[in-house]
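Undergrad: Following this message is one structure expressed as structure tokens.
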Amino acid sequence: MTDSVVSFLLDNLNQLLIQESELLGGVEDQVRILKNELSLINLFLLNSEGKRHDKLVKEVVSQIRDVAYEAEDVIDTFIMTETKHRKRSMLRKAFHYFDRASALHDVAKKIERIKNDIKEIYENKNKYGIEIAESSGGDAEAGGILHRRRKDVEEDYVVGFDHDTEELEKQLIEGSSQLNVVSIIGMGGLGKTTLAKKIYNKNNVKNYFDFRCWVYVSQEYRIRELLLEILKALAPLPRVMFRAELKEELLRGLEDKYSLNEKRSNETLTEDLKLFKEMNDEAFKKAWSEFLKDMQEPNDLKILLSGFVRDFYSKNGVKLKDMTDDELKSELLEILKEKRYLIVMDDIWDTEVWNKVSSSFPNNSNGCRILITSRIKEVALHATNNSVPPIPPYELPFLKEDKSWQLFSKKVFRGATCPPELDTLGRKIVKSCHGLPLAIVVLGGLLANKEKTHRTWSKYIGHVNSYLTEDRTSCIDILALSYNHLPRRLKPCFLYFGIYPEDFEIPVRQVIRLWKAEGFIRQIGNRNIEDDAEDYLEDLIDRSLIQVAKRRLDGGVKTCRIHDLLRDLCISESAEEKFLEVCSDVNLSPMSKRRRISIHFANHPYISSNPCEPSNNRSVIGFRRVVGVESPLDKGYDLKWLCENNKLVRVVELSNRDIRCLIPKEIENLVLLRYLSISSGARHVIPIDSICNLWNLETLDMRNSKIECLPKGIWKLTKLRQFYLDGPLSLPITDNCEAALPNLQVLTGIDLNHDTESLLAKVRFPNLRKLGLYSSREVESGLLSSIHPLRHLQTLKICKYLNLSNPIPLQLILTKITLLDVLVVSVSIWTVLGSLTNLRILKVVGCANFKLDCNESSFCQLEVFKMVKVTDMIWNMKKGAMPRLQRLVIERCNFFVIPLDELCCLSALRDVEVLHPDPKLAGMLQQLQMRDGCKLQVNQPLESGPIPNN
10 MTDSVVSFLL
20 DNLNQLLIQE
30 SELLGGVEDQ
40 VRILKNELSL
50 INLFLLNSEG
60 KRHDKLVKEV
70 VSQIRDVAYE
80 AEDVIDTFIM
90 TETKHRKRSM
100 LRKAFHYFDR
110 ASALHDVAKK
120 IERIKNDIKE
130 IYENKNKYGI
140 EIAESSGGDA
150 EAGGILHRRR
160 KDVEEDYVVG
170 FDHDTEELEK
180 QLIEGSSQLN
190 VVSIIGMGGL
200 GKTTLAKKIY
210 NKNNVKNYFD
220 FRCWVYVSQE
230 YRIRELLLEI
240 LKALAPLPRV
250 MFRAELKEEL
260 LRGLEDKYSL
270 NEKRSNETLT
280 EDLKLFKEMN
290 DEAFKKAWSE
300 FLKDMQEPND
310 LKILLSGFVR
320 DFYSKNGVKL
330 KDMTDDELKS
340 ELLEILKEKR
350 YLIVMDDIWD
360 TEVWNKVSSS
370 FPNNSNGCRI
380 LITSRIKEVA
390 LHATNNSVPP
400 IPPYELPFLK
410 EDKSWQLFSK
420 KVFRGATCPP
430 ELDTLGRKIV
440 KSCHGLPLAI
450 VVLGGLLANK
460 EKTHRTWSKY
470 IGHVNSYLTE
480 DRTSCIDILA
490 LSYNHLPRRL
500 KPCFLYFGIY
510 PEDFEIPVRQ
520 VIRLWKAEGF
530 IRQIGNRNIE
540 DDAEDYLEDL
550 IDRSLIQVAK
560 RRLDGGVKTC
570 RIHDLLRDLC
580 ISESAEEKFL
590 EVCSDVNLSP
600 MSKRRRISIH
610 FANHPYISSN
620 PCEPSNNRSV
630 IGFRRVVGVE
640 SPLDKGYDLK
650 WLCENNKLVR
660 VVELSNRDIR
670 CLIPKEIENL
680 VLLRYLSISS
690 GARHVIPIDS
700 ICNLWNLETL
710 DMRNSKIECL
720 PKGIWKLTKL
730 RQFYLDGPLS
740 LPITDNCEAA
750 LPNLQVLTGI
760 DLNHDTESLL
770 AKVRFPNLRK
780 LGLYSSREVE
790 SGLLSSIHPL
800 RHLQTLKICK
810 YLNLSNPIPL
820 QLILTKITLL
830 DVLVVSVSIW
840 TVLGSLTNLR
850 ILKVVGCANF
860 KLDCNESSFC
870 QLEVFKMVKV
880 TDMIWNMKKG
890 AMPRLQRLVI
900 ERCNFFVIPL
910 DELCCLSALR
920 DVEVLHPDPK
930 LAGMLQQLQM
940 RDGCKLQVNQ
950 PLESGPIPNN
């Protein structure tokens, strides 16, 4: 684990040396030499990856990490100093000439010391004979622990799998006669193996298949051993006919023995031997038996020939252990051809496993099945892809509360009943396991051996995770197998989830922005880096490390969660690597070489009662634990300590949970800052002029902050990619006709006026993908014409007034439009929006008293239509409108008119979800006769009365 974090750090450092080369003038040679040294170190780290079981290797990597951190500090400090120097006037530059010379000398001196440290590390490595083994025993050992730990969840303790068992059993013994692959996926410790074992041992399954076999794969698999394990269960006889030299020897021997019979012609014998030569062992044995039966010659010749074949097989037949891998595959393929078989491949981690063994499983059209378990969705999809029809992976859910309690009770009380005085307390303890069977069983094992009293059990309240992680082999090392198996690019992304508090619903867009600012996402060619980051997240989800909480209308992940035990894994690994530290604001440890700090605020206004020492933190992230309680934080959290003592910081995220910040002008000294997200509330004005001097900013989030106006200095932030405002604020007009924000992709909270339309039309934001506008006046807008040149704009959000011009033939690539609290001024708006040929998602929130008329060609590509708190609406739709609509969501709405018949006729419609409707609307919708394949859900009609505002 250490090596992957350090390797990432060095990759980042190399990028820094390349990107900031202009600011490193005067120390170019030293920096180049340092870069070469780091590149050599990285080779060592690549070779040592995964060798964490070797303590000497681990110590060397730890020393390299500390040296790399120091190198990063030296370079960042110099960049900060040089930036400050370049901002000075000519007179002040002359005045500080000797200061700069001293800084250059200091950097050169420190780099030289770092080089000596690297040299000493290499000398010690050679001195103590530290070499990199060819393979890692650590992962194999951890895999063995996992395999043994599974035995703790015996079938007697299996609960909550009744529905899962029924569904999977159907997939095994019903359906297609073709060979199909059935898969179970989910997080480590969720019970995949236990469920598979339960199904494997069911009488229905035993009786259905001629042959069943179970093989355990793991991360440290060997294809040969897997093949041998299956073949040993089949107990085949030694083989001859697949080895050419043995086949020739057997046939020559038969010919010699056969020639003793003078009555039979050699011509007939030649024909028989030709037929034998084309056969495999199974076919030869059958044909040979028939041949002997049909022989008219004397019995002594039959006995002679039969004995020769038997002795030859006994003496020369190739046994399994002597076969090559290809011969084993051929042997298995041959034996399974006549059988209806079930093979369970447990704990697969790699798609290559299936690629290497799948050719050994014949499709003999008699209902054969392969059942696999994996933590990785990609592995399951790869294996099931050739099934007819393809069977989606079965995603095993977490246990519900009642089943969790049932499993816990069986483990603790072993069939006895829980005492009434422990019931409430016990259920509260079990709830902390969040439905993970491994955690429940381990916790149950701990309490089974403890005194069953209220006093003993109450010690576990609020501390379940610390008890579960006390012995790493019980839970953490088992879960860590998933982390160890991650590719290097994903490891820092996963560890980063440790910044969030327990049970926190994590906004995906926020975590992606943070990953980008940290440098975790490497841009590949011209691909959009945000899209790459989403792929990273989906990969972590598919590996069962992160859970989806909510999805967006377009199907993307909106929020996610991480199980508490996996979060503990992130924190423990991060602390060891000095990658990340999580602490409370009243108990900070002394500032160290940790790179990131996540502070979980309580109701205290300061990080420490003592002045903070200078820190090398690159990220400061805050979460407020207590919400809705009056505290000093509500009056403002002074960030003076941040500006004075964290000058190398790159990420500041303090907008979570409504932390109000007092932002000093000195924030402009944080010139390395890439990500700034803070909230000042309505009481405090943001010093936006100072923030405009932060030329490295990529994300600036000032929502819920007081900003009087945007200064012209905002155009200096040319690296800015995301800019969030509450609005409405006007963009400043500048005399510089070339002023632009070329990298900006997200812009929200901007006042929709003629100046804004002019800036958009002049393509001052050529790469804009998402735009949020606030129209504060009722004026006719030429918005669609002004955004026409923005060739990357996909999402548009408009608040308040909307009065679009009549439709004109524009080819916009807009795929999503949101109307929020919009006062619809003209009915032509819907004609305009309906003419957008790429629009796929339309969301209308908080609108009232309007008429939506859809003609035959309206919304030709619309797939999702969501309406929230839409009241007093008349909706008419002609046949042919919305032909591709797949999902309709109506939440807290009431309509005067709704096109029920037309909706029923939409052939693409799959899902109609109606949440808290007006009673009259609910009654109309419940009478709908939906076609097959379309699901209608009507939930909890509102009581009579107005639609609430929240």
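FYI, in our numbering the residues of the sequence shown are 10 to 959. Positions of the beta carbon are idealized from the N, C-alpha and C atoms, including for glycine. Quantities reported herein were computed from a predicted structural model and do not represent experimental measurements.
1. Starting from the Cα of Pro892, find the closest Cα among Tyr131, Lys878, Val879 and Phe868 and give me that residue.
2. Determine, using beta carbons only, whether Ala7 and Arg423 come nearer to each other than 7 Å.
3. Does DSSP put Cys902 in a helix, a strand or coil?
4. Helix, strand or coil for Arg560? Go by DSSP, reduced to three states.
5. Hey, could you find the ends of the beta strand (DSSP E) Asn212 is sitting in?
6. Measure the C-alpha to C-alpha separation of Leu719 and Tyr810 and round it to an integer number of angstroms.
7. With a CB to CB cut of under 6 Å and the five nearest residues on each side skipped, what residues in its chain are close to Asn626?
8. Can you give me the Cβ contacts of Asp643 inside the same chain, cut-off strictly under 7 Å, excluding the 5 residues immediately before and after it?
9. Between Tyr492 and Val362, which are expected to be in contact by the criterion C-beta below 8 Å, what is the C-beta distance as a whole number of angstroms?
10. Could you give the first and the last residue of the continuous alpha helix (DSSP H) run that contains Gly435?
11. With DSSP run on the structure shown, which of helix, strand or coil describes Met933?
12. Taking contact to mean 3 or more Cβ pairs, one atom from each stretch, closer than 8 Å, check whether the stretch 250–263 and the stretch 385–400 are in contact.
13. Over the uninterrupted beta strand (DSSP E) stretch that includes Trp884, give me the two end residues.
14. Rank Pro402, Val439 and Leu575 by C-alpha distance to the C-alpha of Val190 and give the top, closest one.
15. Where Pro245 and Thr393 are concerned, what is the direct C-alpha to C-alpha distance, given to the nearest angstrom?
16. How many angstroms separate the CA atom of Ser739 from the CA atom of Gln803?
17. Taking a contact to mean a Cβ-Cβ separation below 7 Å, would you say Leu780 touches Leu805 in this structure?
18. Note down the Cα distance separating Glu183 from Asn212, rounded to an integer number of angstroms.
19. Quick check: the stretch 522–538 against the stretch 697–708, are there 3 or more CB pairs under 8 Å?
20. How many angstroms separate the CA atom of Ser369 from the CA atom of Ser339?
21. Can you tell me which of the three DSSP states Thr743 falls into?
22. For Thr458, does the count of other Cβ atoms within 10 angstroms reach 16, so buried, or fall short, so exposed?
23. Give the straight-line distance between the Cα atoms of Arg703 and Leu681, rounded to the nearest whole angstrom.
24. What residues are listed by DSSP as bridge partners for Ile907?
25. Using 10 angstroms around the beta-carbon of Glu865, count the other beta-carbons present and answer buried if the total reaches 16, otherwise exposed.
26. Relative to the alpha-carbon of Lys674, which residue among Ser688, Cys701 and Ser583 has its alpha-carbon at the smallest distance?
27. Between which two residues does the alpha helix (DSSP H) holding Asp290 run?
28. Using the Cα positions of Thr568 and Ser185, report the straight-line distance between them to the nearest angstrom.
29. Please work out which residues of its chain come closer than 7 Å, Cβ to Cβ, to Leu431, disregarding the five sequence neighbours upstream and downstream, and give them in chain order.
30. Taking the alpha-carbon of Val397 as reference, which of Asn537, Leu188 and Leu345 has the nearest alpha-carbon?
31. Do Ile357 and Ile381 come within 7 Å of each other at the CB atom, strictly closer than that value?
32. Quick one, which of Ala117, Ala489, Lys64 and Asp265 has its alpha-carbon nearest Leu43's?
33. Given Ile344, which residues of its chain have a CB within under 7 Å of its CB, disregarding the five upstream and five downstream residues?
34. What is the DSSP secondary structure of His763, reduced to helix, strand or coil?
35. Using 8 Å as the Cβ pair cut-off and three pairs as the minimum, do the stretch 283–302 and the stretch 217–224 touch?
36. Could you tell me the boundaries of the alpha helix (DSSP H) in which Val877 lies?
TA: Quick answer:
1. When Tyr131, Lys878, Val879 and Phe868 are compared, the shortest CA-CA separation from Pro892 is found for Phe868.
2. With the chain covering 10 to 959 only, the question about residue 7 has no answer from this structure.
3. Assignment of Cys902 by DSSP, reduced to helix, strand and coil, places it in the coil class.
4. In the displayed model, Arg560 falls within a strand according to three-state DSSP.
5. Segment Asn212 to Tyr217 is the alpha helix (DSSP H) holding Asn212; no beta strand (DSSP E) there.
6. If you take the alpha carbons of Leu719 and Tyr810, they lie about 22 Å apart.
7. If the five residues before and after Asn626 are omitted, its C-beta is found closer than 6 Å to the C-beta atoms of Ile606, Asn655 and Val658, all from its own chain and listed in chain order.
8. Only weak support is given to the placement of Asp643: the predicted model assigns it a pLDDT of 49, under 50, and the question is left unresolved by the model.
9. The Cβ separation is near 20 Å, so there is no contact.
10. Taken as a continuous stretch (DSSP letters only), the alpha helix (DSSP H) holding Gly435 covers Pro429 to Lys440.
11. Met933 falls in the helix class under three-state DSSP.
12. The stretch 250–263, when compared against the stretch 385–400, does not touch it at the 8 Å Cβ threshold.
13. Element bounds for Trp884: Thr880 to Met886.
14. That would be Pro402, whose Cα lies nearest to the Cα of Val190.
15. So the two alpha carbons sit approximately 28 Å from each other.
16. Distance between the alpha carbons of Ser739 and Gln803 is about 22 Å.
17. The Cβ-Cβ distance between Leu780 and Leu805 falls below 7 Å.
18. A direct Cα-to-Cα measurement between Glu183 and Asn212 gives close to 15 Å.
19. At 8 Å Cβ cutoff, the stretches touch.
20. Each residue's Cα considered, the two are about 7 Å apart.
21. Residue state for Thr743 is assigned as coil, using DSSP reduced to three classes.
22. Note on residue identity: the sequence assigns Asn, not Thr, to residue 458. By the 10 Å Cβ count, Asn458 comes out exposed.
23. Just to set this straight, residue 703 is Leu in the shown sequence, not Arg. About 7 Å.
24. For Ile907, which the question treats as bridged, DSSP gives no partner whatsoever.
25. That one is exposed.
26. Closest option to Lys674, Cα to Cα, is Cys701.
27. Unbroken alpha helix (DSSP H) run through Asp290: Asp290 to Asp303.
28. Per the coordinates, the alpha-carbon of Thr568 lies some 38 Å from the alpha-carbon of Ser185.
29. For Leu431, where only same-chain residues beyond five positions count, the Cβ hits under 7 Å are Lys461, His463 and Trp466.
30. Nearest C-alpha to Val397 among Asn537, Leu188 and Leu345: Leu188.
31. Against a cut-off of 7 Å, the Cβ pair of Ile357 and Ile381 comes out as a contact.
32. The shortest Cα separation from Leu43 among Ala117, Ala489, Lys64 and Asp265 belongs to Ala117.
33. Hits under 7 Å: Leu243 and Pro245.
34. DSSP, reduced to helix, strand and coil, places His763 within a helical segment of the structure shown.
35. The answer is no - the stretch 217–224 does not touch the stretch 283–302, with fewer than three Cβ pairs under 8 Å.
36. Boundaries for Val877: no alpha helix (DSSP H) harbours it, while the beta strand (DSSP E) harbouring it runs Val873 to Val877, taken from the DSSP string.
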